[in-house]
Amino acid sequence: MMVKSALGRFGGLIILAMMWATAPLLQAGEPETAMTLEDAGAAVQAVEQGEYTKRGADTCLKCHDEDNEYPVFPIFKTRHAITTDERTPFAGLQCEACHGPGGEHGKRLRSGETRAPILNFGKDSWTPVKEQNRKCLECHENHQRIEWIGSLHETSDVACASCHQIHVSHDPVLDRDQQPDVCYQCHLSQRAQFYQSSHHPVREGKMTCTACHDPHGDDGSDRLVKATLRETCTGCHAEWRGPFLWEHAPAAEDCGLCHRPHGSNQPSLLKKRPPQLCQQCHSQRGHPSINADGSAASSRNPFVVIKGCLNCHFQVHGSNHPSGVKLTR
Ligand code: HEC
Ligand code: HEC
Ligand code: HEC
Ligand code: HEC
Ligand code: HEC
Ligand code: HEC
Ligand code: HEC
Ligand code: HEC
Ligand code: HEC
Ligand code: HEC
């Protein structure tokens, strides 16, 4: 098969040759990655101003067929291929709704000719990330109301295609069990946090990153699903939402003052253990966990043993008991 051998043996060379052929835009002799954003932008424009194929996907599939190294076909099992839904690519321009006009690219070549480029996706593609994402947003800004512009992933130049796979029957990032691994490609330290002794049950498959995060989010709130961190937490932990008769000021304000969101080696996702946790804010006066001479208190001191301060002030999130003002009941 023509495509197979081209992809298999000469793929890289052809890509380079293809890039040179499109350029005065490119500096001859330099590798693909040396293309400046401006050059790439101009190359995209050149593709976009080209003509569409007359027969759409049928033309593409003549070359990008079952024997191809890259499996294009599973897309027909996805929502993008529901032709009865007029909003989908396959109800319209088909492959070219995403890849741009392919009239030139899809031509049969005579010997010596190089293939014209067509838009491609992913972080290694020649097509700049902004241009890739613009293609997806042509539909998704309106239809799914993806609020992408201004989000941290957008401003960090992350491609839609770095998280989403289009040519697979099930996109892993939409799958409960597989989603975290997609995120860990870039967020390795968060993976380590979920392996700490106290952790939210993400690796147990009981919740996903998107239980708390909006991956497209634009509201400037750490891209959480709710407006504040506290609301995000109390969305599930409603028992600590309050209001309480006797509030504990930090719990009424921000759960993150005492808890880590992903994992911790202290129990209950705590940042520190009591009494140190509490003594970040409360003085030792009258409640010593050290002796007057500065030496450590005996291990039988009730301020230190077992739960420390929580031995008495166990209603640390607030109390509804009439005499719970000191959070002891
Ligand atoms: C006549 C054969 C032929 C037709 C028709 C054809 N292609 Fe290609 N296409 C190729 C070959 C060969 C390559 C590999 C080029 C290379 O590796 O440099 C390729 C590469 C691609 C790439 C990767 C480009 C890149 O820069 O990485 C995409 C995407 C693509 N084709 C999409 C399409 C679409 C969409 C259509 C229909 C509009 C289409 N092709 C029609 C032969 C064809
Ligand atoms: C909804 C948008 C969308 C549609 C429709 C679509 N593609 Fe793609 N295509 C993508 C994305 C995104 C990638 C990049 C996948 C990746 O990162 O591996 C891709 C990759 C490819 C590649 C692999 C290029 C390479 O890097 O080697 C080919 C070939 C291709 N598409 C052809 C087609 C053909 C043929 C059709 C129509 C049958 C089609 N595509 C329809 C979005 C689309
Ligand atoms: C021509 C319009 C169009 C383009 C272009 C397009 N999409 Fe879609 N996409 C749709 C429609 C319509 C749906 C189905 C929505 C629904 O059922 O509510 C969809 C569904 C999706 C879904 C959800 C799939 C699922 O199984 O739930 C994802 C993810 C997605 N698109 C990502 C992308 C990405 C990434 C790109 C760019 C590479 C892209 N789309 C380009 C129209 C488009
Ligand atoms: C950081 C990873 C990431 C990036 C980047 C990303 N997405 Fe998503 N996307 C997700 C996840 C995760 C979900 C599933 C959300 C959920 O479970 O609530 C999703 C869901 C979707 C859906 C389905 C929404 C629905 O309600 O059915 C569409 C459509 C979509 N994304 C399009 C896009 C487009 C378009 C872009 C680029 C502008 C993009 N995504 C960029 C991770 C990402
Ligand atoms: C292709 C790489 C990539 C992937 C995949 C990715 N991210 Fe990101 N993410 C980034 C970059 C880059 C930033 C910008 C800040 C940084 O460098 O940490 C970021 C930032 C974030 C932030 C905000 C951090 C802050 O400081 O406010 C969250 C939350 C986040 N990502 C969650 C996710 C989730 C959830 C997924 C999977 C659905 C995911 N990311 C997948 C690259 C990625
Ligand atoms: C229980 C809710 C929750 C879950 C589940 C969750 N996060 Fe977070 N994540 C948060 C909160 C809250 C913050 C903000 C922390 C802050 O501002 O102090 C955060 C912050 C982040 C950040 C910014 C850097 C940092 O660590 O502060 C990244 C990146 C991130 N999360 C990625 C992920 C990924 C990837 C997953 C899934 C594997 C995930 N999160 C699951 C609640 C969660
Ligand atoms: C999507 C629902 C959900 C959200 C949102 C959520 N949690 Fe959780 N949380 C859980 C589940 C489920 C468990 C595990 C309970 C179990 O194993 O019995 C848990 C456990 C905990 C634990 C106990 C951990 C341990 O090791 O015993 C703490 C503390 C906690 N969450 C605090 C928070 C904080 C703080 C936030 C906000 C950053 C938050 N949660 C957001 C569902 C959630
Ligand atoms: C002043 C520090 C502090 C703040 C602020 C705080 N917590 Fe806690 N939280 C603790 C301590 C200490 C424990 C351990 C209690 C114990 O072991 O009895 C705990 C335990 C928990 C648990 C596990 C309870 C159980 O029964 O296993 C959850 C869930 C929890 N907190 C949620 C929250 C939520 C939601 C918020 C914000 C509304 C919040 N916390 C704010 C200190 C705090
Ligand atoms: C982030 C700072 C902070 C942390 C951490 C903190 N507190 Fe507080 N706590 C406060 C503030 C502020 C008040 C309100 C003081 C006031 O109204 O005078 C308060 C009030 C109290 C009160 C009631 C005092 C009164 O006079 O009514 C008790 C008891 C208490 N905290 C115990 C604890 C314990 C036990 C811990 C550790 C589990 C802890 N606190 C952790 C800030 C904190
Ligand atoms: C043995 C039980 C016990 C332990 C352990 C304990 N407390 Fe108390 N705490 C009390 C009682 C009882 C009061 C109320 C005293 C009063 O009303 O005069 C109190 C009052 C307070 C107050 C309010 C101060 C005031 O002047 O009313 C704060 C703040 C406080 N404790 C913090 C802590 C911290 C932080 C720890 C851990 C280092 C801790 N407590 C450990 C019993 C305890």
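With the numbering used here applied, the sequence shown corresponds to residues -12 to 316, in that order.
Beta carbons: idealized from backbone N, C-alpha and C, even for Gly.
Keep in mind the model is a prediction, meaning the values are calculated, not measured.
Following a CB-centred definition, is residue i positioned closer than 7 Å to any heavy atom of ligand 7?
i, result
"residue 296", "no"
"residue 246", "yes"
Which of helix, strand or coil does DSSP assign to residue i?
i, result
"residue 113", "coil"
"residue 250", "strand"
"residue 140", "helix"
"residue 156", "coil"
"residue 9", "Here residue 9 scores only 44 on pLDDT, less than 50, and its place in the model should not be relied on; the value that follows carries that caveat. In the structure shown, residue 9 sits in a helix (DSSP, three-state: H, G or I)."
"residue 127", "helix"
"residue 310", "coil"
"residue 184", "coil"
For residue i, collect the residues of the same chain with a Cβ closer than 6 Å to its Cβ; drop the 5 residues on either side in sequence, then sort them by chain order.
i, result
"residue 110", "146, 149"
"residue 43", "81"
"residue 93", "40, 46"
"residue 88", "37, 38, 39"
"residue 115", "24, 27"
Whose C-beta lies closer than 8 Å to the C-beta of residue i among residues of the same chain, with five residues either side of it excluded?
i, result
"residue 156", "61, 64, 65"
Would you check whether ligand 5 has a heavy atom nearer than 7 Å to the C-beta of residue i?
i, result
"residue 155", "no"
Whose C-beta lies closer than 7 Å to the C-beta of residue i among residues of the same chain, with five residues either side of it excluded?
i, result
"residue 58", "154"
"residue 221", "227, 228"
"residue 139", "210"
"residue 85", "76, 122"
Nearer than 7 Å: is that true of the beta carbon of residue i relative to any heavy atom of ligand 9?
i, result
"residue 256", "no"
"residue 31", "no"
"residue 237", "yes"
"residue 314", "yes"
Flag residue i as yes when its Cβ comes closer than 7 Å to any non-hydrogen atom of ligand 1, and as no otherwise.
i, result
"residue 83", "yes"
Write down the C-beta distance between residue i and residue j rounded to the nearest angstrom, noting that I regard them as a contact closer than 8 Å.
i, j, result
"residue 249", "residue 301", "Their Cβ separation, rounded to whole angstroms, is 25 Å, which puts residue 249 and residue 301 out of contact at 8 Å."
"residue 245", "residue 216", "Contact doesn't hold; Cβ gap of about 12 Å is too wide."
Report whether the distance from the Cβ of residue i to the nearest heavy atom of ligand 6 is below 7 Å.
i, result
"residue 79", "no"
Is there at least one non-hydrogen atom of ligand 4 closer than 7 Å to the beta-carbon of residue i?
i, result
"residue 166", "yes"
Nearer than 7 Å: is that true of the beta carbon of residue i relative to any heavy atom of ligand 3?
i, result
"residue 35", "no"
Given the structure, does residue i come close to ligand 8, in the sense that its CB is under 7 Å from one of the ligand's heavy atoms?
i, result
"residue 124", "no"
Taking the runs of the alpha helix (DSSP H) that are 4 residues or longer, which of them lie wholly in the stretch 43 to 111? 44 to 50, 82 to 86
At 4 residues or longer, and completely inside the stretch 192 to 248: list those alpha helix (DSSP H) runs for me, N to C. 216 to 221, 236 to 240
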